[in-house]
Amino acid sequence: MDTKTSIKTRFAPSPTGYLHVGGLRTALYSYLYAKKNGGTFLLRIEDTDQKRYVEGAVESLIDILKLFGLNWDEGPFFQSQRTEIYRAHAARLIESGQAYRCFCSEERLTKMREDQSNLHLPPKYDRHCLELSKEEIDKLIAAGTPFVVRQLIPTEEIVFNDLIRGEVRFHGKDVDDQVLIKSDNFPTYHLANVVDDHEMGITHVIRGEEWLPSTPKHIWLYKAFGWTPPEFAHLPLLLNPDHSKLSKRQGDVAAEDFIKKGYLKEAMLNFIAFLGWNPGTEEEIFSLEELVDRFSLDRVQKGGAIFNLEKLDWLNGQYIRKMTPKDLGEAVLPYLQKESWYTDALLSRLSDDQKTRILVSIQSRLKTLAEAPALLRPFLLENLDYNLALFSNEKMKVDRAGAILAIENVTKALETPIDFNSEESIKAALVSVIEKLGLKNGQVLWPVRVALTNEEFSPGVFELILVMGKDFALTRLHAARKALDSAQG
RNA sequence: GGUCCCAUCGUCUAACGGUUAGGACAGCAGGUUUUCAUCCUGUAAAUCGGAGUUCGACUCUCCGUGGGAUCACCA
468 MDTKTSIKTR
478 FAPSPTGYLH
488 VGGLRTALYS
498 YLYAKKNGGT
508 FLLRIEDTDQ
518 KRYVEGAVES
528 LIDILKLFGL
538 NWDEGPFFQS
548 QRTEIYRAHA
558 ARLIESGQAY
568 RCFCSEERLT
578 KMREDQSNLH
588 LPPKYDRHCL
598 ELSKEEIDKL
608 IAAGTPFVVR
618 QLIPTEEIVF
628 NDLIRGEVRF
638 HGKDVDDQVL
648 IKSDNFPTYH
658 LANVVDDHEM
668 GITHVIRGEE
678 WLPSTPKHIW
688 LYKAFGWTPP
698 EFAHLPLLLN
708 PDHSKLSKRQ
718 GDVAAEDFIK
728 KGYLKEAMLN
738 FIAFLGWNPG
748 TEEEIFSLEE
758 LVDRFSLDRV
768 QKGGAIFNLE
778 KLDWLNGQYI
788 RKMTPKDLGE
798 AVLPYLQKES
808 WYTDALLSRL
818 SDDQKTRILV
828 SIQSRLKTLA
838 EAPALLRPFL
848 LENLDYNLAL
858 FSNEKMKVDR
868 AGAILAIENV
878 TKALETPIDF
888 NSEESIKAAL
898 VSVIEKLGLK
908 NGQVLWPVRV
918 ALTNEEFSPG
928 VFELILVMGK
938 DFALTRLHAA
948 RKALDSAQG
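Residue numbers for the first sequence follow my numbering, so the first one is 468 and each next one is one higher.
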């Protein structure tokens, strides 16, 4: 058997309503590290704060994790169902003198902190209740005085090795006596986290940098229980453009929002993985499987990374262009269905072959899936409400009369026998019209393209005719001609 | 304010003492093209500052500076 203890990581979010992209990245790195090393990835829900309970938050968290394919091997475990375990552990610590009951009122604590702040001292519990005698404590308990359990922080230096940052040291005199059990008898994060990580056999705690300052408390807890602490890896933060910790205030931060906006989960994962990590080569397109294969913690960056979407747009475009028409069609459908003009009938009258051609024609123009409906509209809608101003174009040197001339001649050309299944033969037919009229390409093709789509931007004319087919293209040309004529009269 | 962490182009980053400091995104300029996009080519753009160590520092040390995190009966 393998003598190395097998690796086990966990993702331990608190269910506050949505999955933050920073959380998604933490989950991803934990997942990658476990999978890369043939280990186990565990999911634990840290729901010990009764006041912060949000309806449905757990379900949506689980759904989104699954959507991204970050499948866990164990769990989900719920801390709210394990409260007795934490209480028993706290009691052990009180017994061994490594924790103590604190009966201080909120008022006293507030006043204490104010005084400390006035003296420019760091706010820290003054150990008032540590002085209490056994008799006094018994009396207070008997009187039903609410209390918390505080960790007695040793006055010593502590040094630990962070897998990303190297040696980090703190001194006990700077660390506050952390509350372990709240007066509602629920544990705080610190206690529950340490007890669970130990009991669940977590070997590597991979979490955000914001936890670095509380790591000494955690290590002292392990020591107090007589346990060996796990390895720690504190990930650099994801930042707002103003370099503060990434927050809701400055844009979307919920992983789900990005899916809604038409980003592919593969692109998101790829993008997020590269915010703080890189393979050391110049490759940048990685599937989840490839990330698993290449990931290592020692290539994780120390400094925070600004969450800047420009590159995500590009990456998403890359992924879209790699999709098969079938996959693209399926991916685009939900966005299409959100459009007010969309009906299933519009789609069902198209053949599979036509659908494929349409999708291929718009594929290179897509940065996000959400942009698809606008590009699809000219192919799906039966009647277009022409914007006549579009037919004239200064740069293309076409005016309305020119547009009518072009549309008229192209209509005629398309009514002659051409192979409508060949873009080349369509092109040949139109080129001969252009030559016959002695015009520039744009003078004919621009108005025809507008006639076919009523859009400023679209796929090219030859491709449009190929995709639309003879009848549909001619219907459009007639309609455009009619619109132009009636406006003139 | 205390403690801790961090620092290469605008952004994400490469270079684990020796490179003209590399790549990508975004930008700009061209090319292809009927528009837009794709695609192709080119271009501009960085080692926070100062001391040391060294034959030689982006890289090691120290001091500054700047930014960030954290200091709850939230996680």
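We put the beta carbon where it would ideally sit given N, CA and C, even for glycine.
So Leu704 and Gly675 are supposed to be a Cβ contact under 8 Å. How far apart are they, rounded?
To locate residue 704, count along the first sequence from 1; it is residue 237. To locate residue 675, count along the first sequence from 1; it is residue 208. The Cβ separation is near 6 Å, so the contact holds.
Limits of the unbroken alpha helix (DSSP H) element including Asn660
Position 193 of the first sequence, counted from the first residue, corresponds to residue 660. That run of the alpha helix (DSSP H) goes Tyr656 to Glu666.
So, at 7 Å on beta carbons, what are the nonlocal neighbours of Val615 in its own chain, with the 5 sequence-adjacent residues on each side left out?
Residue 615 sits at position 148 when you count from the first residue of the first sequence. Result list for Val615: Cys569, Val646, Ile648, Lys649 and Ser650, in chain order.
The ligand PLP and Gly796: does any heavy atom of the ligand fall closer than 7 Å to the residue's C-beta?
This structure lacks the ligand PLP; in fact it carries no ligand of any kind.
Is it buried or exposed, Ala479, if we count other Cβ atoms within 10 angstroms and call 16 or more buried?
Within the first sequence, the letter at position 12 stands for residue 479. It is buried - the Cβ of Ala479 has at least 16 other Cβ atoms within 10 Å.
Pairwise C-alpha distance: Phe725 and Asp719:
For the purposes of this step, residue 719 is taken as residue 252 along the first sequence, with counting starting at 1. For the purposes of this step, residue 725 is taken as residue 258 along the first sequence, with counting starting at 1. If I take the Cα positions, the gap works out to 8 Å.
Go ahead and label Asn504 buried or exposed: buried means 16 or more other beta carbons lie within 10 angstroms of its beta carbon, across all protein chains shown.
The residue given as residue 504 occupies position 37 in the first sequence. Buried, since its Cβ has 16 or more Cβ neighbours within 10 Å.
Taking His487 as the reference, which of Ile474, Leu779 and Leu528 has the closest Cα?
Working through the first sequence from its first residue, we reach residue 487 at position 20. Cα-wise, what sits closest to His487 is Leu528.
Below 8 Å CB to CB, which residues in the same chain sit around Leu848 once its five sequence neighbours on both sides are set aside?
Against the first sequence, residue 848 aligns to sequence position 381. Hits under 8 Å: Trp808 and Leu813.
Between the alpha carbons of Lys937 and Lys834, how many angstroms are there, rounded?
Locating residue 937 in the first sequence gives position 470, counting from the first residue. Locating residue 834 in the first sequence gives position 367, counting from the first residue. Each residue's Cα considered, the two are about 30 Å apart.
Leaving out five residues before and five after Leu597 in sequence, what residues of the same chain have Cβ atoms less than 6 Å from its Cβ?
Taking the first sequence and counting its residues from 1, the one referred to as residue 597 is at position 130. Around Leu597: Tyr567.
Alpha carbon of Ala841 to alpha carbon of Trp781, nearest angstrom:
The residue labelled residue 841 in the question sits at position 374 within the first sequence. The residue labelled residue 781 in the question sits at position 314 within the first sequence. C-alpha separation (whole angstroms): 19 Å.
To which residues does DSSP link Gln618 through a beta bridge?
Translated into the one-based positions of the first sequence, residue 618 becomes position 151. Answer by DSSP bridge pairing, in chain order: Ala566.
Are the CB atoms of Val934 and Gln830 nearer to each other than 8 Å?
As a working note, residue 934 is residue 467 in the first sequence. As a working note, residue 830 is residue 363 in the first sequence. No; because the gap between Cβ atoms is not below 8 Å, this pair is not in contact.
Same chain only: Cβ atoms within 8 Å of Asn652, ignoring 5 sequence neighbours per side:
Your numbering for residue 652 matches position 185 in the first sequence. Same-chain partners within the cutoff: Thr550 and Arg554.
Which residues mark the beginning and the end of the beta strand (DSSP E) in which Ala837 is found?
Counting from 1 along the first sequence, the entry for residue 837 is found at position 370. Run containing Ala837: none; DSSP gives neither H nor E here.
May I ask you to list the residues that DSSP assigns as paired with Thr476?
Counted from its first residue, the first sequence places residue 476 at position 9. DSSP, once it has assigned bridges, lists Phe508 and His671 as partnering Thr476.
Suppose you measure from the CA of Ala946 to the CA of Thr920; what does that come to, to the nearest Å?
Translated into positions along the first sequence, residue 946 becomes position 479. Translated into positions along the first sequence, residue 920 becomes position 453. Those two C-alpha atoms are separated by around 11 Å.
Using a Cβ-Cβ cutoff of less than 8 Å, which residues in the same chain neighbour Leu499 once the five nearest sequence positions on both sides are dropped?
The sequence position of residue 499 within the first sequence is 32, counting from 1. If we look at Leu499 and ignore the five residues flanking it on each side, its Cβ neighbours are Ala740, Leu758, Val759 and Phe762.
Three-state secondary structure assigned by DSSP to Asn908:
On the first sequence, position 441 is the one that residue 908 refers to. Looking at Asn908 - three-state DSSP - the assignment turns out to be helix.
Please state whether DSSP places Gly639 in a helix, a strand or coil.
Your numbering for residue 639 matches position 172 in the first sequence. It is helical.
Identity of the residue in Thr493, Leu912, Asn707 and Trp913 nearest Ala700 by Cα:
For the purposes of this step, residue 700 is taken as residue 233 along the first sequence, with counting starting at 1. Answer by Cα proximity: Thr493.
Buried or exposed by the 16-neighbour rule on C-beta atoms within 10 Å, applied to Gly869
Residue mapping note: residue 869 aligns to position 402 of the first sequence, counting from 1. Result: buried.
How would you call Val928, buried or exposed, if buried means at least 16 neighbouring beta carbons within 10 angstroms?
As a working mapping, residue 928 is identified with position 461 in the first sequence. Looking at its Cβ environment, which holds 16 or more other Cβ atoms inside 10 Å, Val928 is buried.
By the DSSP assignment, the beta strand (DSSP E) with Val759 in it spans what residues?
Counted from its first residue, the first sequence places residue 759 at position 292. Run containing Val759: none in the beta strand (DSSP E); it sits in the alpha helix (DSSP H), Leu755 to Arg761.
What number of angstroms, rounded off, separates the C-alpha of Asp469 from the C-alpha of Ser563?
Numbered from 1 along the first sequence, position 2 holds the residue referred to as residue 469. Numbered from 1 along the first sequence, position 96 holds the residue referred to as residue 563. Below a pLDDT of 50, predicted positions are generally treated as unreliable, and Asp469, at 45, falls in that range; no measurement from the model is reported.
Which residues in the same chain as Glu634 place their Cβ atom closer than 8 Å to its Cβ, once the five residues preceding and following it in sequence are excluded?
Within the first sequence, residue 634 is the residue found at index 167, counting from 1. Taken in chain order, the residues that qualify are Val626, Phe627 and Asn628.
Ordered along the chain, which non-local residues of its own chain (more than five positions away) have a Cβ less than 7 Å from that of Asn737?
To locate residue 737, count along the first sequence from 1; it is residue 270. Counting only Cβ-Cβ distances below 7 Å, and skipping sequence neighbours, we find Ile752, Phe753 and Leu782.
Determine the closest residue to Glu623 out of Val642, Arg632 and Pro613, with distance taken between C-alpha atoms.
Mapped onto the first sequence, residue 623 falls at position 156. Ranking the options by Cα distance to Glu623, first place goes to Val642.
CA-to-CA distance, Asp852 to Gly536, given in whole angstroms:
The residue given as residue 536 occupies position 69 in the first sequence. The residue given as residue 852 occupies position 385 in the first sequence. Rounded to whole angstroms, Gly536 to Asp852 spans 43 Å at the Cα level.
Please list the segments of the alpha helix (DSSP H) lying wholly inside the region 839 to 897, counting only runs of 4 or more residues, in order along the chain.
839 to 847 and 867 to 882
Straight-line gap, Leu702 to Leu755 (C-alpha atoms, nearest Å)
Taking the first sequence and counting its residues from 1, the one referred to as residue 702 is at position 235. Taking the first sequence and counting its residues from 1, the one referred to as residue 755 is at position 288. Cα to Cα, Leu702 sits roughly 19 Å from Leu755.
State the beta-bridge partners of Leu702 as determined by DSSP.
As a position in the first sequence, residue 702 is number 235, starting the count at 1. BP columns for Leu702 point to Gly675.
Nearest-angstrom beta carbon gap, Met667 and Arg477 [assumed within contact, 8 Å]:
Here the question's residue 477 lines up with position 10 in the first sequence. Here the question's residue 667 lines up with position 200 in the first sequence. So it is a contact: roughly 7 Å between Cβ atoms.
Best match in Glu922, Phe924, Leu897 and Glu923 for proximity to Val911 [C-alpha to C-alpha]
Residue mapping note: residue 911 aligns to position 444 of the first sequence, counting from 1. Cα-wise, what sits closest to Val911 is Leu897.
Quick one: grab the DSSP three-state call for Ala721.
Indexing the first sequence from 1 puts residue 721 at position 254. Correct three-state label for Ala721: strand.
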